[in-house]
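Counting from 5, one number per residue, gives the positions in the sequence shown under this note's numbering. Note sheet for the following structure.
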Amino acid sequence: MIIAIGCDHGGIALKDTVISAVNDKGYQYIDFGTYDNASVDYPDYAEKVAKAILEGKADKGILLCGTGIGISIAANKFRGIRCAHVTDKFSARMCVEHNNANIIALGARITTSEDAYDIIAKYLSSVFDPTSGRHVARIEKITSIENQTLKN
Ligand code: RB5
Numbered sequence: 005m006i007i008a009i010g011c012d013h014g015g016i017a018l019k020d021t022v023i024s025a026v027n028d029k030g031y032q033y034i035d036f037g038t039y040d041n042a043s044v045d046y047p048d049y050a051e052k053v054a055k056a057i058l059e060g061k062a063d064k065g066i067l068l069c070g071t072g073i074g075i076s077i078a079a080n081k082f083r084g085i086r087c088a089h090v091t092d093k094f095s096a097r098m099c100v101e102h103n104n105a106n107i108i109a110l111g112a113r114i115t116t117s118e119d120a121y122d123i124i125a126k127y128l129s130s131v132f133d134p135t136s137g138r139h140v141a142r143i144e145k146i147t148s149i150e151n152q153t154l155k156n
């Protein structure tokens with residue numbers, strides 16, 4: 005399993021925690037930046053991580069910004085990306101089991117490092133059941149909405 009990691013300056017305070025949680029799970033990661041506190045634009049990092057997943061270079065993604073909101077909105081503009089903005093462990097599990105989220109987004113200005121570690125560990129250990137009819141059907145409806153948007 006390869007995890008794509010991306011953040012802006014507002015999220016960088018949680019990056020070491022993300023890397024620790026991914027390492028502890030025994031997964032590899034690709035760090036798409038940013039790498040320091042200089043101000044950058046979160047959509048650029050959402051794009052790098054979303055494309056890594058859609059191009060098959062990574063299996064899942066973890067995005068960070070100040071709140072997790074902007075970077076999740078940007079990631080969700082990519083067809084095939086289901087990015088969940090998560091602030092608790094229950095949602096970290098549900099976004100995989102029910103929504104097959106391929107990215108989670110956290111906010112370094114709202115989530116502590118301890119909570120972030122637990123949220124990421126839960127996200128990485130959760131599994132989507134592809135034989136679950138109702139969840140698959142609902143995700144297919146999301147795909148259908150994406151395709152409608154493209155035609156408009
Ligand atoms: C950057 O100041 C901040 O706006 C960004 O990290 C994020 O919180 C946006 O949603």
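Think of the CB as a built atom: it goes at the ideal place given N, C-alpha and C, for glycine as much as any other residue.
Can you give the Cα-Cα distance for residue i and residue j, rounded to whole angstroms?
{"i": "Ala-109", "j": "Lys-126", "result": "13 Å"}
{"i": "Tyr-121", "j": "Ala-25", "result": "6 Å"}
{"i": "Gly-72", "j": "Asp-20", "result": "16 Å"}
{"i": "Ala-112", "j": "Gly-37", "result": "15 Å"}
{"i": "Lys-145", "j": "Ile-6", "result": "27 Å"}
{"i": "Gly-162", "j": "Ser-130", "result": "The question about residue 162 has no answer here: the residues shown for the chain are numbered 5 through 156."}
{"i": "Thr-147", "j": "Ala-105", "result": "13 Å"}
Buried or exposed: which applies to residue i, given that a residue is buried once 16 or more other Cβ atoms fall within 10 Å of its Cβ?
{"i": "Ile-149", "result": "exposed"}
{"i": "Ile-85", "result": "buried"}
{"i": "Lys-64", "result": "buried"}
{"i": "Asn-80", "result": "buried"}
DSSP beta-bridge partners for residue i?
{"i": "Cys-99", "result": "Per DSSP, none; premise fails for Cys-99."}
{"i": "Gly-10", "result": "Leu-67"}
{"i": "Asp-35", "result": "Ile-9"}
If you measure between the beta carbons of residue i and residue j, is that distance less than 8 Å?
{"i": "Tyr-39", "j": "Asp-12", "result": "no"}
{"i": "Phe-82", "j": "Leu-67", "result": "no"}
{"i": "Gly-14", "j": "Cys-69", "result": "yes"}
{"i": "Ile-23", "j": "Lys-61", "result": "no"}
{"i": "Ile-114", "j": "Lys-93", "result": "no"}
For chain C, check one thing: does any of its Cβ atoms lie closer than 8 Å to the Cβ of residue i?
{"i": "Lys-81", "result": "Here there is only one protein chain, and chain C is not present."}
Query raised in the report: So which residues put a beta carbon under 7 Å from any heavy atom of the ligand RB5, going in chain order?
Result: Spelled out in chain order, the answer is Asp-12, His-13, Gly-14, Gly-15, Tyr-46, Cys-69, Gly-70, Thr-71, Ile-73, Gly-74, Ile-75, Gly-111 and Arg-113.
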